[in-house]
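The numbering of the sequence shown is full-length UniProt numbering, which starts it at 1 and goes up by one.
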Amino acid sequence: MVRPISRRAGKQSPGRIMETCYPGLIMRFLLSVLGVCLSLLYGGSPARALESAPVSSPHATVTLMSDADSYTSGHPFRLGLQFRMAPGWHIYGKDPGDSGLPPELTFTLPSGVTAGPVDWPPTMQLKEGPLTVNAYQGTVVLPVTIDPHGARGPIEIDLQANWLICQTICVPEEGHFHLTLLEGQGGEGSSASPLSGQVSQPQPSDTSSLPMVLLFAVLGGLILNLMPCVFPVLAMKALALARLGSGERAAVRSHAVAYTAGVLLAFLALGMMAIGLRHAGAAVGWGFQFASPVFVTGMAWMLMAVGLNLSGVYQIGARMVGTGHTLSSRDGMSGSFFTGLLAVVVATPCTAPFMGLALAVALNAPAVTMLTILLAMGLGLALPYLLVAIFPQLVAAMPKPGSWMEVLKQALAFPVYASVCWLVWVIAQEAGSNGVLIVGEGLTAIAFAAWVWGIAQFGSGVRSLIGRGLAILAIGISLLLLQRLHQASGLAVADVAGTTMAERQGAEPFSRARLDALRAEGRPVFVNLTAAWCVTCLVNEQVALSNHTVKEAFRNGGVAYLLGDWTRQDRKLTAFLRDHGRDGVPLYLFYPAGGGDPVTLPQLLTPEIVINAVRER
C-alpha cells in the first residue's frame, strides 16, 4: 500500500531541511577525516621516519632521520638531525648571539645527490650571565632538503656533525650518522613528516604506542565533562535533551549526533590553528588561544550575549535562525551543533586526568597524529551524548518537559555570567586595568545591543528597523574597542606595579637559574607552573596550595615555593614544560632535599597529595 504524502510534510521549509541535514553531513565528514588520519598512520604512509643509530651522551641523544624510507629520482625529500637534550642543556642557533657556536653538518653523498642548507628553526633567547644567546632546548630537529635528481639505486647518506652543548659548562660533541634509502615511491615528505623543524617537538618514529595515547585522549575528553569550565554549557545541553523527553527516537539521535559534530569540528579547528602557528614558529600548548587578550575579550562578550539570551532579554528571530533562540541554545539541529562548538571553546582552560600525556604527544606530533589524537579527545567529550544517540531511551529517565524548564533556563544564565567575571579577571592579568575598562565598555555595548534588539523584536516598521540598527551599531563599537587592547596589554606590566602572581601567593617567581641555585643549596623545592586563565590551576591553588596545613608543611620542611606564570605563554616556561613532557599547565614538581629527580604530582591536587609528597621525600 502506498502511503499518501502529508501536506504538512510537503511544506517543510528548505531551511528546516538544511538544518536537519547539515549536522549529519558534517559528522560524516569529520568521521571521514578521522578515518583518513588513521589510515595514514597505519596504512604504510611514506611519511614515517627512517632513523639512524643514535649518538648518545649524558647531555643529549642525537639521531639522523628521513621523512621517507625510499625515494624517487627528481623528487626532493627531507633529512633532519634531531637533538633530544637533557633538562637545562642547550645548543645554539645559526646566529648564536653573544657566545657559542652553531652545529656544523657535513654530508657525504653519492654522485647526482645534493644537500641544501640547514632550514634553521626559530630559536629562544637565553641568558648566560651578562650574555644573551640564541639557543634550542628540549627537542629540536634541524632539517635539510636532499635532491636526488641524478640518483640511481640505493642512496648511502653519511653525515659528520659537530655541536657545542652547554649548561653551566660547555661540552663539544660530535657524531657520525648513516642512512640508506632505497629507490621506490618515497618522494617528498608530507605534512605528517616529523621534520617540521620546530623547537621542542619530540617525534615518535612509529605508532606502536598510539592506541594507548588515543585511549588516554578519549578518557581525558570524557573526564573533561566533569571539569568546571564546561558546566554551564553541559547544563544547557542537558536542558535541550530534556525537551526531547517525549520526542521521537530519531530526533533524539539527530540532536546527539549534531552536538558531537560540533565538538569534533571545534577540535579539528583547534588542531589546524595549532599546526599553522607551529609552522609559523610559535610555541603552542593546550589553551594557547587564551594567551591572547583579544580572544579572551571576544569570549567574554560572546558568553555575555549567551547569558542575556538565557535571561530572556532577547531572542534571535525565526528568519535568522529558524527556531527563536541563539545559536547555542535553540531547539533545532544547528542549536545542538553550535552548543558542541561552544563546549570545546570554554573547555580549553581546563585539563583533566589522562589529558597530559595525550596533549604532550598531540601538540608535539606530526600533523596527522595531532589531528587524530584531538579528534579522539573530542569523541571522549561528546561520549555521554553519543550514548544518548545509541540508546535514546536514556532520555526517558529525564524529567518531563514543563514550565519548570523556563525557570531552569533563566537560572543557567548565572553560571554563564560567572564565567564572564572570570574572563574579566583574566584580562586584568593580561592587559591590566586599561584592558578591564575596554572589556567593560564592550560588555555594556553588548548588553545595550541585546536590549534594543529584544525591544525591536516586539515592534514593526520603522521602530523595528531603528532598534536593530542601534543594536548593530553597538556591536560595531564593541569590535572597534579591540584595537585598543594591544596598547593596554603593553601597559599591563606598569599597571600591576610589581605585584606578580607569585608574590600574591607567597611564592618566588620561577626561573631555571633560581631553581638551580636552590637545588645547589640542597633545599627542597616545589614548582607550580600556572596561568590566570587555567581554571584547573585556580581550583588547585584554592583547594590545596592555599591550605594552611600545606603552607605549614612547606615551612616545617624548609620547602622553597617557585611559581611560574604562563598566562602569556612565556617561551622559557614553554621549554621547561616540554622538558617535563607537558604542553600545558598545570605542572607541579617537587624536588627533594639533597638533589634527586623531581616528583611529578597529578593535575588535580588535594592537600593530602601535596603534604605526602613533601613528607615522603
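Quick reminder that beta carbons are idealized off the backbone N, C-alpha and C, glycines included.
A Cβ-Cβ separation of about 5 Å places GLY378 in contact with LEU264 under the 8 Å criterion. About 7 Å separates the Cβ atoms of VAL345 and MET299, confirming a contact at the 8 Å cut-off. The beta-bridge partner set that DSSP reports for HIS176 consists of GLN160. Close CB contacts of VAL313 within its chain, under the 7 Å cut and outside five residues either way in sequence, are with ALA450, TRP451, GLY454 (chain order). By the beta-carbon neighbour count (other beta carbons within 10 angstroms, threshold 16), LEU131 is exposed. With a 10 Å radius around the Cβ and a threshold of 16 neighbouring Cβ atoms, ASP583 comes out buried. The alpha carbon of GLY88 has as its nearest neighbour, out of LEU101, ILE155, ALA135, PRO103, the alpha carbon of ALA135. At the C-beta level, CYS166 and HIS90 come within 7 Å of one another. MET227 carries a coil assignment under DSSP once its states are collapsed to helix, strand and coil. Between ALA507 and the set GLU521, ALA343, LEU529, the nearest pair of CA atoms involves LEU529.
For the pair GLN569 and GLY467, the Cα-to-Cα distance works out to about 42 Å.
For TYR385, the enclosing alpha helix (DSSP H) stretches over residues 367 to 390. Within the same chain, Cβ atoms closer than 6 Å to the Cβ of GLY150 are found at GLY112, the five residues on either side in sequence being excluded.
If you look at ILE91, you'll find it in the beta strand (DSSP E) that goes 90 to 97. Under the DSSP assignment, ASP147 falls in the beta strand (DSSP E) whose first and last residues are 139 to 147. Taking the Cα positions, SER311 is about 18 Å away from LEU342. Under the Cβ criterion (8 Å, minimum of three pairs), the stretch 152 to 168 counts as touching the stretch 95 to 115. With fewer than 16 neighbouring CB atoms inside 10 Å of its own CB, CYS421 falls in the exposed class. Counting every other CB atom within 10 Å of its CB across the protein chains shown gives MET212 a total below 16, marking it as exposed. The way I'd put it, the stretch 408 to 419 doesn't touch the stretch 261 to 276; fewer than three beta-carbon pairs between them come closer than 8 Å. Separation of the CB atoms of PRO586 and THR536 is rounded to 6 Å, and the pair is thereby assigned contact status at 8 Å.
Pairing ALA382 with THR260 gives a Cβ-Cβ distance under 7 Å. The DSSP assignment places 485 to 490, 492 to 495, 501 to 504, 512 to 520, 535 to 540, 548 to 557, 571 to 579, 607 to 615 as complete runs of the alpha helix (DSSP H) inside the UniProt domain "Thioredoxin" (482 to 617), in order along the chain (cut-off: 4 residues). DSSP places SER52 in the coil class of the three-state scheme, outside both helix and strand. With a cutoff of 7 Å on beta-carbon distance, LEU64 and LEU81 are scored as near each other.
One alpha carbon belongs to VAL436, the other to LEU412, and they sit about 25 Å apart. Between the beta-carbon of ILE611 and that of VAL550 there is about 6 Å, and that keeps the pair under the 8 Å contact cut. About 4 Å separates the Cβ atoms of PRO598 and LEU589, confirming a contact at the 8 Å cut-off.
Sequence-distant Cβ neighbours of GLU441 in its own chain, meaning closer than 8 Å and more than five residues away, are SER478, LEU481. GLY80 is bridged by DSSP to MET65, PRO143. At the C-beta level, VAL118 and VAL141 stay beyond 7 Å of one another. Between the alpha carbons of VAL539 and GLU552 lies a gap of roughly 20 Å. Under DSSP, GLU104 takes part in a beta bridge, and its partners are ASN162.
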